[in-house]
Amino acid sequence: MALLGGSMAFAGADDAVPAYLDERLPIEQRVEDALARMTREEKVALCHAQGKFSSAGVPRLGIPELWMSDGPHGVRAEVNWNDWGYANWANDYSTAFPALTALAATWNPQMAALYGRNIGEEARYREKDVLLGPGVNIYRTPLNGRNFEYMGEDPYLAGEMAVPYIQELQKNGVAACVKHFALNNQETWRGNVDVRVSDRALYEIYLPAFKKAVTEGKTWSIMGAYNQYDGQHACHNSRLLCDILRGEWGFDGAVISDWGGTHDTRQAALNGLDIEMGTYTNGLTSESEFTCDDYYLANPYLKMLESGELPDSSVNAKAANVLRLIFRTAMNSGAPRGSLDFAKHYAAAKRIADESIVLLKNDGLLPLRPDRYKRVLVVGENAVRNLTEGGGSSELKVKDMFTPLDALKEVYAEVLYAPGYKSGRPIYDGEELVAQDVLDSLRREAVAMAKDVDAVIFIGGLNKNGFQDTEGTDRREYSLPWGQDRIIEELCDANPNVVVANVTGNAYSMPWIGKVPAVMQSWYLGTMIGPAMADAISGKVNPSGKMPYSIPRRLEDCAAHSFGPEAYPGVESSGPRQEYREDILVGYRWHDTKSIPALFPFGHGLSYTKFEYGKPTASAKEMTDGAPLVVRIPITNAGGVEGSEVVQLYVSDLKSTLPRPLKELKGFSKISLKPGETGEVEFRILPEHLRYFDDAAHQWVAEPGKFMLLIGSSSTDIHAKVPFTYK
Ligand code: BGC
5 MALLGGSMAF
15 AGADDAVPAY
25 LDERLPIEQR
35 VEDALARMTR
45 EEKVALCHAQ
55 GKFSSAGVPR
65 LGIPELWMSD
75 GPHGVRAEVN
85 WNDWGYANWA
95 NDYSTAFPAL
105 TALAATWNPQ
115 MAALYGRNIG
125 EEARYREKDV
135 LLGPGVNIYR
145 TPLNGRNFEY
155 MGEDPYLAGE
165 MAVPYIQELQ
175 KNGVAACVKH
185 FALNNQETWR
195 GNVDVRVSDR
205 ALYEIYLPAF
215 KKAVTEGKTW
225 SIMGAYNQYD
235 GQHACHNSRL
245 LCDILRGEWG
255 FDGAVISDWG
265 GTHDTRQAAL
275 NGLDIEMGTY
285 TNGLTSESEF
295 TCDDYYLANP
305 YLKMLESGEL
315 PDSSVNAKAA
325 NVLRLIFRTA
335 MNSGAPRGSL
345 DFAKHYAAAK
355 RIADESIVLL
365 KNDGLLPLRP
375 DRYKRVLVVG
385 ENAVRNLTEG
395 GGSSELKVKD
405 MFTPLDALKE
415 VYAEVLYAPG
425 YKSGRPIYDG
435 EELVAQDVLD
445 SLRREAVAMA
455 KDVDAVIFIG
465 GLNKNGFQDT
475 EGTDRREYSL
485 PWGQDRIIEE
495 LCDANPNVVV
505 ANVTGNAYSM
515 PWIGKVPAVM
525 QSWYLGTMIG
535 PAMADAISGK
545 VNPSGKMPYS
555 IPRRLEDCAA
565 HSFGPEAYPG
575 VESSGPRQEY
585 REDILVGYRW
595 HDTKSIPALF
605 PFGHGLSYTK
615 FEYGKPTASA
625 KEMTDGAPLV
635 VRIPITNAGG
645 VEGSEVVQLY
655 VSDLKSTLPR
665 PLKELKGFSK
675 ISLKPGETGE
685 VEFRILPEHL
695 RYFDDAAHQW
705 VAEPGKFMLL
715 IGSSSTDIHA
725 KVPFTYK
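Every number in this note's numbering is 4 more than the matching position in the sequence shown, counting from 1.
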């Protein structure tokens with residue numbers, strides 16, 4: 005008899021294997037069997053942490069603990085049992101995969117699958133059961149310090165990318181923990197800001213990626229957010245967790261609180277939270293003397309169960325959800341063993357990074373061919389900085405970090421380097437100020453060197469210090485810090501061949517855009533940042549990334565910043581409160597509908613080759629519920645090098661009862677073509693792609709009438725239109 009996940013010691017006197025240990029049985033039967041054997045105390049013990057990153061199992065029954073780890077971009081180094089200090093192990097380093105913004109910028113679900121598969125192998129190798137990611141919060145404002153951990157401004161794109169990540173990760177027996185559910189779209193006041201948003205915006209913009217993660221990705225866990233929604237904290241919000249997540253979407257996994265996101269025993273007991281983590285911390289730095297037994301879902305909960313103030317049905321439901329999670333992960337004896345195969349994982353990280361870099365502007369300077377440009381000056385701190393350090397919980401301890409400067413030295417005959425500027429040393433609540441005379445002398449040094457080289461590559465941007473791209477704080481300004489705008493301008497005055505290749509996870513203003521011949525958007529690309537950037541700049545790799553968010557010209561052009569402080573960051577009224585006044589018009593939906601052009605639109609990204617869009621054909625002029633509309637369009641690589649194009653399909657509802665955005669992304673496909681080659685991209689349009697959410701009726705509606713399909717290479721660069729009628 006196969007006894008899986010346990011030993012004979014747990015078998016009954018008659019040697020029969022208890023049902024909960026028999027992995028051949030349906031999981032619900034095993035859950036019920038385990039529950040029937042457990043005491044109330046044992047059930048409560050499943051519902052809260054036992055240390056910083058683990059929760060207890062049921063030792064008496066041989067049911068193991070759950071071990072969790074940050075985060076979305078790699079497996080985090082081990083921290084101490086119950087404080088945030090690192091444990092300083094010698095073997096807890098990992099591959100830093102590109103940040104999720106970069107993954108979204110590939111617009112390639114195959115890259116998301118590759119990501120999930122490889123990060124899952126490392127997580128399993130490190131004996132983690134739950135990986136705290138991916139993050140799918142919507143990019144609402146470029147000031148959000150945590151946008152780099154999310155997948156951009158469009159719910160369709162974020163959802164399509166999250167699903168393969170989750171599926172491939174979980175094939176390793178490691179649960180995804182999709183975060184932060186929901187409406188955690190800023191770091192300012194993240195612990196208690198009370199978000200007010202219409203149902204329409206909630207369902208159309210902020211929930212769809214989570215929904216796909218649950219219904220298609222089948223994520224085994226989800227993390228509640230820090231903020232409040234409608235006056236109740238998201239970690240125990242009855243509407244989000246009971247009505248929507250479990251009621252409407254049928255989620256059968258475990259809801260894990262964000263670290264320190266639980267605030268009340270009764271609400272946590274009744275409103276859908278399963279595992280309480282990190283209470284009495286701010287999730288990053290603060291600690292307290294309390295032990296895990298003092299958590300809301302520990303002794304206080306047990307007491308209220310014993311006194312009958314709370315029903316046992318609440319703890320039975322939670323324990324069942326946690327057992328299901330344990331059976332799927334820690335007790336999944338069929339799962340692969342994992343690996344820390346750096347050659348393989350670095351190669352995967354590099355492929356993803358290669359496809360993510362976005363060529364924003366190119367007057368013909370790029371690619372910077374090494375045979376033509378021999379003496380090159382690299383300027384900027386991010387050319388040498390380890391950007392996997394800092395930024396909060398996504399920070400990683402890497403074994404290797406290949407910097408852009410080192411990689412560029414391998415490509416060009418002579419490479420000089422000048423920092424050009426200096427960011428302040430990180431301190432507790434931000435960074436130390438750098439004296440102006442220091443900044444001035446660094447700038448002058450770089451500009452003087454720029455006069456005497458064939459080309460200049462500026463690699464600046466933001467970093468992971470406080471108030472930059474980091475957890476816990478939002479950015480304070482839209483412009484680049486540390487005087488970078490002035491340096492870029494002066495470099496352009498000194499040398500005609502300046503490439504700006506900044507590393508950020510957010511949009512920033514570009515007052516110098518008219519002066520700079522070539523601009524590339526690079527990301528926190530992790531271990532392989534250097535080789536990926538060097539290959540894109542030199543032309544060894546042809547860039548194929550597209551922007552997962554719009555780059556507004558000015559901050560005021562961004563929807564969330566058009567309605568004053570009530571909309572962002574919120575105002576004080578017995579606690580911070582915020583109203584998403586822009587409603588459904590987030591990102592390009594705002595720019596398009598309000599005719600406020602972005603500097604670089606959502607979906608934008610150039611290539612070293614040229615793509616021509618042919619004439620589209622549609623399977624019908626009318627669409628009914630029974631049959632999808634199939635649209636095909638030929639794409640030709642009309643340039644001289646191989647390249648990939650992301651063909652994007654937007655739907656425009658020409659007349660509707662409720663106002664709608666001018667267009668919405670409902671399909672995309674990345675096609676790789678050799679010079680001269682023509683390929684075909686196919687889209688299948690279903691009624692669900694035509695729907696909007698009618699909040700009065702609380703239902704999705706596809707209204708019969710005229711629609712237009714817009715096919716293009718960005719949200720504004722539309723090459724083909726296909727009209728049709730929905731009956
Ligand atoms: C973050 C989560 C993270 C957790 C554990 C929190 O501060 O918001 O995203 O997974 O800490 O480190």
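Glycine is no exception: its CB is placed at the ideal position from the N, C-alpha and C atoms.
In this text, all values refer to a predicted model and were calculated from it rather than measured experimentally.
The set of residues with CB atoms less than 5 Å from any heavy atom of the ligand BGC reads, in chain order, Asp-74, Leu-136, Asp-262, Trp-263, Gly-287, Ser-397. Residue pairing by DSSP places Asn-95 opposite no residue, since no beta bridge is assigned to it. Closest in C-alpha terms to Gly-518, from the list Asp-367, Glu-649, Ser-427, His-565, comes Asp-367. Between the alpha carbons of Tyr-696 and Gly-530 lies a distance of about 38 Å. In the structure shown, Thr-597 falls within a helical segment according to DSSP collapsed to helix, strand and coil.
Ser-427 counts as buried, since no fewer than 16 other beta carbons sit within 10 angstroms of its beta carbon. Annotated three-state conformation of Asn-151 is helix, per DSSP. The Cβ-Cβ distance between Gln-271 and Gln-232 does not fall below 8 Å. Of the other Cβ atoms in all chains shown, fewer than 16 fall within 10 Å of the Cβ of Gly-568; this residue is therefore exposed. The shortest C-alpha to C-alpha distance from Ala-411 to any of Gly-465, Lys-544, Val-140 is the one to Lys-544. Cβ atoms of Val-726 and Ala-622 come within 8 Å of each other, at about 5 Å. Short of 6 Å from the beta carbon of Arg-593, and not among the five residues preceding or following it, lie these beta carbons of its own chain, in chain order: Pro-665. The three-state reading of DSSP puts Arg-200 in strand, counting E and B together. Sequence-distant Cβ neighbours of Leu-372 in its own chain, meaning closer than 7 Å and more than five residues away, are Ala-459, Val-503, Ile-541, Ser-542. Assigned with DSSP and collapsed to three states, Leu-25 falls in helix.
The C-beta of Ile-431 has fewer than 16 other C-beta atoms within 10 Å across all chains shown, which makes the residue exposed. For His-349, the enclosing alpha helix (DSSP H) covers residues 346-360. Spatial neighbours of Val-415 in its own chain (CB-CB distance under 7 Å, excluding positions within 5 residues in sequence) are listed in chain order as Pro-374, Ala-538, Ser-542. Here Ile-226 is near Gly-257, since their CB atoms are less than 8 Å apart.
In the DSSP assignment, Tyr-210 falls outside any alpha helix (DSSP H) and carries neither an H nor an E. Cβ-Cβ distances below 6 Å link Gly-195 to Tyr-230 in the same chain, with the five nearest sequence neighbours on each side left out; the list follows chain order.
By the criterion of a C-beta distance shorter than 8 Å, Ala-53 is surrounded in its chain by Ser-59, Ile-279, Glu-280, Met-281, Gly-282, Thr-283, Cys-296, Tyr-299, once the five residues flanking it on both sides are discounted. Listed in chain order, the non-local C-beta contacts of Arg-250 below 7 Å within the same chain comprise Gly-276, local neighbours out to five positions each way being set aside. In the structure shown, Met-72 falls within a strand segment according to DSSP collapsed to helix, strand and coil.
In the DSSP annotation of this structure, the continuous segment of the alpha helix (DSSP H) that includes Glu-494 starts and ends at 488-498.
In the three-state reduction of the DSSP assignment, Met-115 falls in the helix class.
Classified as buried, Thr-333 has 16 or more neighbouring CB atoms from the shown chains inside 10 Å of its CB.
Within a 10 Å sphere around the beta-carbon of His-608 sit 16 or more other beta-carbons, which makes this residue buried. Judged by DSSP secondary structure, Met-227 falls within the beta strand (DSSP E) whose first and last residues are 225-228. The stretch 98-118 makes contact with the stretch 349-362, as at least three CB pairs between them are under 8 Å.
In the structure shown, Gly-120 falls within a helical segment according to DSSP collapsed to helix, strand and coil. Counting C-beta pairs closer than 8 Å gives fewer than three between the stretch 312-329 and the stretch 148-162, which falls short of the contact rule. Bridge pairing for Tyr-730: Met-627, Gly-709 [DSSP].
Counting C-beta atoms within 10 angstroms of its own C-beta, Asp-721 has fewer than 16 neighbours from the protein chains shown and is therefore classed as exposed. Inter-residue distance for Asp-37 and Glu-481 is about 56 Å (C-alpha atoms, whole angstroms).
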